[in-house]
Amino acid sequence: MLELENISAGYKNKRVLEGVSLNFPKGKLTAVIGANGSGKSTLLKAIVGIIPRESGRILADGSDLSALSRRETARRIAYLPQGRSVPDMTVGQLVLHGRFPHLSYPRRYREADRRIAAEAMERMGMLGYADRPLASLSGGMKQNAYIAMALAQDAEYILLDEPTTYLDISHQLGLMRTLRGLADGGKGVIAVLHDLPLAFSYSDLTAVIDGGRAVMSGSPLEVCRSGIISRVFGAELVYDEARGQFGYAYPPV
Amino acid sequence: MKSSVTSSKNNQKRIKLLYLAGALFFIAAAFSGICLGSTRLTIAELSEAFAKGFETPAGRIFLYVRLPRTAACLVCGGALAVSGAVIQCVLANRLASPSVIGVNAGAGLAVTLCTAFGIYGGFRLSAAAFIGAFLAVLCVSLASRGLGASRGTVILLGVALNSFLNAISDAIVTLIPEVGVMSSDFRVGEFSSVTYKKLIPAAVIVILSLAVLATLTSELDVLTLGEESASGLGMNTRAARIVFLLIASLLAGSAVSVAGLLSFVGLIVPHAVRRVSGSRSSGLIGLCALFGGGFVCLCDTAARTLFAPYEVPVGIIMAFLGAPFFVFILAKGKGGHSDA
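Sequence lines, in order, name chains A and H. Under this note's numbering, think of the first position of the first sequence as -10, with each following residue one higher. Under this note's numbering, think of the first position of the second sequence as 1435, with each following residue one higher.
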């Protein structure tokens, strides 16, 4: 379990998160939702330590992250940011860098690291693309390559910041199935998502962030029926019981 | 999984072959630098010189003229090429190089100041050049981060700093005419005034810097993933950037303290090497050192021999050879990709 207790964090002159307390269990896909600027991305950055925390503590399976080094944290929590440059390297090289936190100076990748990276690529269906430059892949394939890197990192928790951005609907669905599979396989998957029907339909838990605070957390159905979606987003989300899916209730045009 | 392992081995084999080619090029360039010039030295003359403790005319030419000059070309060329490759990785910009973003100009200003205070060689000169180079690259790095500058803006910041630092150097030379170091030869780079007093401290710093850098190639690769991805992999990116900029400054500053403001090598050699080796730092750094050193050495040999008995500064030859070659590799790579 990844436990956030009263986390406050932000940037130089602006506090973004105010006393956020949330739990992210292993084996579950948790969707973090909220309006633009609500602090969702800041929350992920605060968890992995890219933004320093002003107060509160985070426990990963009982261990306080503030007592761990960056490398030790990276061995427990993998983080895929939203705005990624496309580095000039092959898929194989990228995925191998997932082993970086497991090496000590002078960091030289070992045969075991190459094997783990190959297994991660195989799991993501990217093994045949190992020698392809990252820049030559479609958006969906690039996303798969980065997830393979996170798998090679062999962390218990995977944090993804808006992983479906720039993907067409078919790749979005494919990615959500992948995240679902990772959670079913025992990983704690935490994804910041903007598409509410997608987030609610695939996740086990949904955490709602508003104005830097965690205003609700629960199962998608609980959150949907609580009325908080219309208060936070100004939109109506409905649950189709017959199909077991969520969708927007669009107002008449 | 087998295909991935096989291709990885093929890549390693290709890098080994490139290292072999680079080593042969480096040795051939060194050999031409030693033997060719206004007086040709033959193998027989060199063997005799070795046997007689360099007391022959050929021995004295070798020991006091060709050896320091050739060694300086190899050291400075390799240092500038590697410095360029590192700066390009850290700033995530292929147009960055020590001569473009003001690193050489910073070192040049420091050398000018040293000369104004009567320091003409030794570790003090190399240290000052390093400090000048580091302050320049730090200015560009901090300004670009502070302003949230795009890749293009980083280069513009560097170009502005370059002009500013060169203007200060010009002002010093104008106000203190005895400072002859900022002569036109120094501006384009040359090796005719190389002495062991200048070369040895710079060479020691370059070799130590390269040795440290060779242990940090995985860090350099991870840094190219971008700040947040690298942080997510457990890297302290701020500390890593500073370490790499320090190393790049040590390399560029040392080279400038010996050879002046050599341009081009820090830009074109990393580009050319990437075309054949890919961007992986473990291959890129060593190959840049070999091909950069060899390239400058060959250019210097051409500068001494093409217009004999006259000698032109090596920077002019490098620009003549380098610019068309640069356009050639850009045109050849058009539509392709640089990594394999």
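Even glycine gets a Cβ: it sits at the ideal position worked out from N, Cα and C. What you are looking at is a predicted structure, and each value in this text was computed from that prediction instead of being measured.
With contacts defined as CB atoms closer than 8 angstroms, G87 (chain A) and A139 (chain A) qualify as a contacting pair. Just so you know, the alpha carbons of I1449 (chain H) and V9 (chain A) end up roughly 50 angstroms apart. If one requires a minimum length of 3 residues, the beta strand (DSSP E) runs lying completely within the segment 7 to 50 of chain A are 18 to 23 and 42 to 49, in chain order. Among the residues of chain H, those whose CB is under 8 angstroms from the CB of M78 (chain A) are D1655, T1658, G1712, S1713, R1714 and D1773, following chain order. CA-CA distance, I(-4) (chain A) to L54 (chain A), rounds to 12 angstroms. Non-local C-beta neighbours of S219 (chain A) in its own chain, meaning closer than 7 angstroms and more than five positions away in sequence, comprise E225, ordered along the chain. If you ignore the 5 residues before and after V75 (chain A), its C-beta comes within less than 6 angstroms of the C-beta of L123 and A124, all in its own chain and listed in chain order. When the five nearest sequence neighbours on each side are left out, the beta carbons in the same chain lying within less than 8 angstroms of the beta carbon of G1728 (chain H) are those of G1456, F1459, F1460, A1462, A1463, A1464, L1508 and G1511, in order along the chain. For L1480 (chain H), the closest alpha carbon among the candidates H:L1470, H:F1496 and H:R1621 is that of H:F1496. Linking L69 (chain A) to L6 (chain A) through their CA atoms gives a straight-line distance of about 20 angstroms. Within chain A, no C-beta atom comes nearer than 9 angstroms to that of T1629 (chain H); the closest sits roughly 35 angstroms away. Ranked by Cα distance from L187 (chain A), the options A:L(-7), A:A(-2) and A:T19 are led by A:T19. The CB of S1531 (chain H) never comes closer than 7 angstroms to any CB in chain A; the least such distance is about 16 angstroms.
Below the 7 angstroms Cβ cutoff, chain A contributes I39 and P70 as neighbours of E1662 (chain H), in chain order.
When Cβ-Cβ separations below 8 angstroms define contact, S1652 (chain H) makes contact with chain A. The beta carbons of C1722 (chain H) and V1703 (chain H) sit closer together than 8 angstroms. Taking one beta carbon from each stretch, the segment 1687 to 1703 of chain H and the segment 1648 to 1661 of chain H have fewer than 3 pairs nearer than 8 angstroms; the two do not touch.
By the Cβ rule, the segment 1522 to 1542 of chain H does not count as touching the segment 1744 to 1751 of chain H, because fewer than three pairs are nearer than 8 angstroms. Shown here for A1637 (chain H): same chain residues with a beta carbon closer than 6 angstroms to its own, the five before and five after excluded, namely V1509 in chain order.
Pairing Q161 (chain A) with T153 (chain A) gives a Cβ-Cβ distance under 8 angstroms. Of the residues H:T1546, H:T1476, H:T1587 and H:T1739, the one whose Cα lies closest to the Cα of A1526 (chain H) is H:T1587. Contact check for I1589 (chain H) and L1529 (chain H): beta-carbon distance about 5 angstroms, within the 8 angstroms limit, so the pair qualifies. L(-7) (chain A) is bridged by DSSP to A:L11 and A:I47. Closest by C-alpha distance to V1677 (chain H), out of H:N1596, H:F1568 and H:G1726, is H:F1568. Residue environment analysis places F1741 (chain H) among the exposed positions, since fewer than 16 neighbouring C-beta atoms fall within 10 angstroms of its C-beta.
When secondary structure is reduced to three states using DSSP, Q234 (chain A) falls in the strand class. Taking 9 angstroms as the upper bound on Cβ-Cβ separation, chain H lies near no residue of the segment 206 to 226 of chain A. Look at the segment 116 to 195 of chain A and you find these whole runs of beta strand (DSSP E), each 3 residues long or longer: 146 to 150 and 177 to 181. When Cβ-Cβ separations below 8 angstroms define contact, M1752 (chain H) makes no contact with chain A. At least 8 angstroms separates the beta-carbon of I1639 (chain H) from that of V1571 (chain H). At a C-beta separation below 7 angstroms, Q132 (chain A) has no neighbours in chain H, since its nearest C-beta there lies roughly 13 angstroms away.
About 7 angstroms separates the beta carbons of G1717 (chain H) and L1452 (chain H), which is inside the 8 angstroms limit, making them a contact pair.
For V1509 (chain H), no beta strand (DSSP E) segment is defined; the enclosing uninterrupted segment is the alpha helix (DSSP H) at L1501 to V1524. A direct Cα-Cα distance of roughly 55 angstroms separates L126 (chain A) from S1472 (chain H). Interface flag for Q234 (chain A) against chain H is unset, since no Cβ pair is found closer than 8 angstroms. S206 (chain A) and L11 (chain A) do touch by the CB rule: their CB atoms are close to 6 angstroms apart, below 8 angstroms.
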